[in-house]
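Engineer: Have a look at the structure that comes next, please.
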């Protein structure tokens, strides 16, 4: 997922990172940061030794936003590597939204959430004349 989201985020020109499809929506940078923040916030429920990155929710430059996104996925990868099949099935306390959940469910939730935001990012890119990497033809 890190590679897929990274390629899409990289495809959007930096001067369009402040683009919003409507005034009430997040801008493109905020969409990417939302993925990063959701990853870090929810991955903490897995426990583990990996240190959570600090996500600057006010990052505006493409480089800062891309780094936050990448760091959040690296954190997730490190935490998952610490798990066993058995520990993934153990129930942990999460938040009011997820409630008590297995570690596997936390990961499953994050996969779905990331794909949801990916779809919104695709729309933003297309509204700005871009073509998502997954749709580009050689």
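In our numbering, the protein residues as written are 801 to 938.
Note that beta-carbon positions come from the ideal geometry of N, C-alpha and C, so glycine has one too.
These numbers come from a predicted model, not from an experiment.
Indicate the three-state DSSP secondary structure (helix, strand or coil) for residue 892 in the structure shown.
Structural biologist: On the chain shown, position 92 is the one that residue 892 refers to. Strand at residue 892.
Engineer: Quick one: Cα of residue 855 to Cα of residue 881, how far?
Structural biologist: Translated into positions along the chain shown, residue 855 becomes position 55. Translated into positions along the chain shown, residue 881 becomes position 81. Near 21 angstroms, if we compare the C-alpha coordinates of residue 881 and residue 855.
Engineer: Could you say which of 814, 834 and 802 lies nearest to residue 920 if we only look at CA atoms?
Structural biologist: To locate residue 920, count along the chain shown from 1; it is residue 120. For the residues 814, 834 and 802, the minimum Cα distance to residue 920 belongs to 834.
Engineer: By a C-beta neighbour count over all protein chains shown, 10 Å radius and 16 as the cutoff for buried, is residue 889 buried or exposed?
Structural biologist: If you number the chain shown from 1, residue 889 lands on position 89. The residue in question, residue 889, is exposed, as its Cβ has fewer than 16 Cβ neighbours within 10 Å.
Engineer: For residue 865, count neighbouring Cβ atoms within 10 angstroms of its own Cβ and tell me buried if that reaches 16, exposed if not.
Structural biologist: Here residue 865 refers to the residue found at position 65 when the chain shown is read from its first residue. Buried.
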